[in-house]
Structures are given as C-alpha cells and as structure tokens.
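Presented below is the structure to which this report refers.
Number of protein chains: 2
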Amino acid sequence: MSRPACLFFDVNETLLDLTAMKASVAQALGGRPDLLSLWFTTMLQYSLVSSAGGQYEDFGVIGAAAMRMVARNNGIELSEAASKDAIRPILSLPPHPDVRDGLARLKAAGYRMVTLTNSSNKGVEAQMEHAGLTDMFEARLSVEDVQMYKPHQHVYAWASRKLGVEPSECMLVAAHGWDIAGALWAGWRGAFLSRPGAQLYPLAPEPEISVPNLAQAADQLIALPS
Amino acid sequence: MSRPACLFFDVNETLLDLTAMKASVAQALGGRPDLLSLWFTTMLQYSLVSSAGGQYEDFGVIGAAAMRMVARNNGIELSEAASKDAIRPILSLPPHPDVRDGLARLKAAGYRMVTLTNSSNKGVEAQMEHAGLTDMFEARLSVEDVQMYKPHQHVYAWASRKLGVEPSECMLVAAHGWDIAGALWAGWRGAFLSRPGAQLYPLAPEPEISVPNLAQAADQLIALPS
C-alpha cells in the first residue's frame, strides 16, 4: 500500500468532541442523556430521508427537527426555538485531544488534507475557526454545495473531482461506520476512528485502517511509502 | 377533495402490530426494551445508507446488522445467527385490531388497494398470508424490485407507474413520518396513522389525513366523493 493522494476528514466526532453539544441536547430532552443516541441516529436518518426525497435542509435544522420528534415521542415539551438553541454548541466544539498533533504530523509528512462534512459551509468555517484548525486544511468541502448528504456516492465522487484526484487515491478519515461504508463503496480508501459509540457497518467492506484515534491513524499513514 | 385512484399501504406498523418482534429483539438486546427505538431507527438509517451508497440488502439482513451494532455499543453479546433469529417474528405478525375491518370497508367502497413495503417480496407474501390479509390487495409491491428503499422518490414514481396511476391520484397510508414525507414530496397524497411512537416529520408538508388508526382513515376516505 502506498500513500493516498489526499486525506478527507469528516468533522463532527471525527475531529471535534461533541460532548458540549450532547450536554445541551440532553438538557433540552428533559435531562435525559439516554436519548442522545436515538436523537443523533434520527438526525442522520432524516438527513438521508431528505436526500432520498430530493430535498435539502441545513444539517442543524434537521437535527433540531429530529430533536422535536424524539421529544414528542417521550412526552417532553420542546419548542422549535429551544431545539435550535440546544444545537448551537456544535459551532464551538473543541478538537479531541489527539487531533491537533495528529493533523500537524500528517501535514508535516506532506499529506494533502481537506475536510468533508455534512455541516454547512458557514458551520464548518466557524467550527474550524473555534477549534483552531483552519490552517491545517487546504480546503473545506461541505455537502451544502451538492445539497445531498453523505454517504450518497455522488458526494464522494464530487469531492474527489473537486480535488482533481482519482477515487482510488482518496482516503476518508471518519468515526462513523456509515461514512466509511459510503467512501469504500465509492471506490475510496478508508481510515476508521473507533471513538466511543462508533461502529463499522457489518455489511460493508472493512477499511484498511481501524484504530481508536487520529494519533494511531497518523502513525500508520506516515509509515506508508509515498 | 375527491377520492384517490389507488391506496398504497405501508405494511410494518401501519397494518401489522410489531409487538411480537419487539419482544424478541428486546430479548436479543440483553432484555432492554429501551433500546428498541434506537435499533429500529438505526435499521431505517442503514436502509438509506445502503441506497445512498448504491447498494441493496434485504431489509431483514439490514435489521439484523443494525441490531449487532446497537448490541456492541451497549456491551451486549449478540451473534449474527441470534440477531437474525430475533427478527424472524416479523414474518408472522398479527394485524392491528382496526385493520381488517378498515380494509374491508375501503374495498367494499370500491377502492383499489395495494401494499408498498420495504420488506422483501417473499417477506410480505408471508406477512399477508399469516395476517389473513392477502385477499384484500390487488398487488403487493416491494422495494426489492427496484432495490432502493423508501422514501427514495423513485420508489413512489415506480409504484404509481406499476399501477398506471398518476402520482397526484395515488395516496400512501402509513404510520411513519418519513414515508408520508417521501410520498408527499413525490407528488402523492397521504394519510398518516399516528400509532404510538409515530411522528410526522416537521420539515415536510402535512398530509390531508392524520388520524390514530385505519378505522378513522377509512371513515374519511369513504366519505370522499368519487
């Protein structure tokens, strides 16, 4: 295996620590952290419901709508404004502790690096700024430009063309099984970060890298011949 | 409003009572009924992950894979065989108590009626047979034929062409917000059954009928002029 020509990093949970947003969402959901996984999965489901139906709404707007659905199913009162407020901390999340050093070492090793996210363009700009990671990446790609959510195969095809790189030369780094599955199905390579609560999809091919954090992924990637 | 030319019925939860399957899945998930919503939502999410990635697997196979992901995230041991066994009761579910009479009245009133399901062709055949509903429908449509899950708009377009009916003359009857959303976005009409745990999607148009069960939906449909 030689080095991929470009690394595409998912943002939420992969680079950034969602803990602060989880706290505000659990509070909005009646102080019930046990509902967080259901909320996050419902948000992802409905992002794909939108794309399947030929629609597009901002990821945060879908997340707030999903929160209201989970609230109603659990007898929790939650206004539209409160659901949107609860999501706002997504714009100012800190990076996971392994991220800054891992990215810096990959960059020093000569890797081309971009972000590829379901967040909006404005959203990911604010996220990278707050996390102090803006200068690590050559570009920030958002699904907003194609109005279709990951893991739609068109998103990966579009992203590889944007960078002028063949799909087989692209590698996604992500902490979501569905994102890694989509990238591999699109002919990309993959590096899965098995952060807490993350699982590979059992019905998809396995990525060549599967490690707990970016530090270990960086070790393996830097060891690859150019 | 006049009568739609054809009624398309979703099957799981809309017509059939999932309680028996929920019991076996909760047992497989370490006796934790609190994980059922997360499991069902993960199954739906991954059905769309498959379609987005250009893949297709049987709905039951995806459901079993989603069950193993939820199990692993919660420290529960679950083999592939056990996850598939836990789903099997989906083939022999009883209808909800309001279903047989509601369907019979709609049929007597002259409605064309078909099923349109994410279950496989063999699966829905067994389901209708067990539930004693086979003779209620002129056809059984499964997404297996197009290898793309609801609510992909192509599924509704395909189904309306199969019946030779314009989209605006089709009505979906379903107990899932995402299914009603997809049908309305595809230009269909909709009747939502707000069974326990079902919510309309806040970012989609509202259907013309939204009632707790099929008995009440049948009342409204039969009252429409031909």
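In order, the protein sequence lines correspond to chains A and B. Residue 103 in the numbering used here sits at position 103 of the first sequence, and the numbers go up by one each step. Every number in the numbering used here is 1000 more than the matching position in the second sequence, counting from 1. Cβ coordinates follow ideal geometry from the N, Cα and C atoms, glycine included.
Asked, Found
"Val1155 (chain B) in three-state terms, based on DSSP", "helix"
"Expected contact under 8 Å - CB spacing of Asp17 (chain A) and Pro89 (chain A) to nearest Å", "The pair is not a contact, with the Cβ atoms about 11 Å apart (cut-off 8 Å)."
"Leu1193 (chain B) beta carbon less than 8 Å from that of Ala1181 (chain B)", "no"
"Pairwise C-alpha distance: Cys170 (chain A) and Arg72 (chain A)", "42 Å"
"Segment contact flag, the stretch 1050-1068 of chain B with the stretch 1092-1111 of chain B, C-beta cutoff 8 Å, min 3 pairs", "no"
"Asn118 (chain A) vs Phe59 (chain A) beta-carbon contact at 8 Å", "yes"
"8 Å contact criterion, which Leu1035 (chain B) and Val1011 (chain B) should meet: CB distance rounded", "Incorrect: roughly 23 Å between the Cβ atoms, too far for contact."
"Residue-chain proximity (Trp1158 (chain B), chain A), Cβ-Cβ < 8 Å", "no"
"Interface flag, Pro1202 (chain B) vs chain A, CB-CB below 8 Å", "yes"
"Same chain only: Cβ atoms within 8 Å of Ile1087 (chain B), ignoring 5 sequence neighbours per side", "Met1021, Ser1024, Val1025, Gly1060, Gly1063, Ala1064 and Met1067"
"Closer than 9 Å at the beta carbon, the chain A residues around Ile1087 (chain B)", "Here the premise fails: no neighbours, minimum Cβ distance about 14 Å."
"For Gly1190 (chain B): DSSP bridge partner residues", "B:Leu1172"
"Val173 (chain A) and Pro1151 (chain B) closer than 8 Å at C-beta", "no"
"Proximal chain B residues relative to Asn73 (chain A), where beta-carbon distance stays under 7 Å", "Gly1197 and Gln1199"
"Euclidean distance between Cα positions of Glu206 (chain A) and Arg1003 (chain B)", "50 Å"
"Those runs of the alpha helix (DSSP H) which lie wholly inside the stretch 1094-1169 of chain B and span at least 4 residues", "1099-1108, 1121-1131 and 1153-1163"
"Beta-carbon neighbours of Met1069 (chain B), restricted to chain A and to distances below 9 Å", "Gly177, Gln199, Leu200, Tyr201 and Pro202"
"Spatial neighbours of Pro1212 (chain B) in its chain, beta-carbon cut-off 6 Å, leaving aside the 5 residues before and after", "Ser1194"
"Coarse secondary structure for Ser2 (chain A), derived from DSSP in three states", "coil"
"Distance CB(Ala1138 (chain B))-CB(Val1114 (chain B)) smaller than 8 Å", "In the sequence under discussion, the amino acid at residue 1138 (chain B) is Glu, which differs from the Ala named in the question. Yes, they are a contact pair."
"Alpha-carbon to alpha-carbon, Gln1216 (chain B) and Ser1168 (chain B)", "22 Å"
"Whole-angstrom distance between Trp1158 (chain B) and Gly164 (chain A), CA atom to CA atom", "36 Å"
"Asp83 (chain A) in three-state terms, based on DSSP", "Looking at the sequence itself, residue 83 (chain A) is Ser, so the reference to Asp does not match. In this structure, Ser83 (chain A) counts as helix in the three-state DSSP scheme."
"Nonlocal neighbours in the same chain, by C-beta distance under 6 Å from Gly1190 (chain B), ignoring five residues either side", "Leu1172, Ile1180, Ala1183, Leu1184 and Pro1207"
"Cβ of Val49 (chain A) within 8 Å of any chain B Cβ", "yes"
"Contact set between Leu1038 (chain B) and chain A, taken where Cβ atoms lie within less than 8 Å", "Ser37, Leu38 and Thr41"
"Integer Cβ distance of Leu1116 (chain B) from Leu1141 (chain B), believed to fall under 8 Å", "5 Å"
"Chain-ordered neighbours of His152 (chain A) on chain B, where CB pairs are closer than 7 Å", "Ala1052"
"Closer than 8 Å to chain B by CB, Leu78 (chain A)", "no"
"8 Å CB neighbourhood of Arg1032 (chain B) in its chain, flanking five on each side removed", "Ala1026, Asn1074 and Ile1076"
"Within 8 Å, strictly: CB atoms of Leu1106 (chain B) and Ile1222 (chain B)", "yes"
"Three-state secondary structure (DSSP) of Ser226 (chain A)", "coil"
"Endpoints, beta strand (DSSP E) assigned at Val49 (chain A)", "That residue, Val49 (chain A), is in no beta strand (DSSP E); its alpha helix (DSSP H) goes Leu36 to Ala52."
"Which residues DSSP lists as bridging Val1211 (chain B), in chain order", "B:Leu1193"
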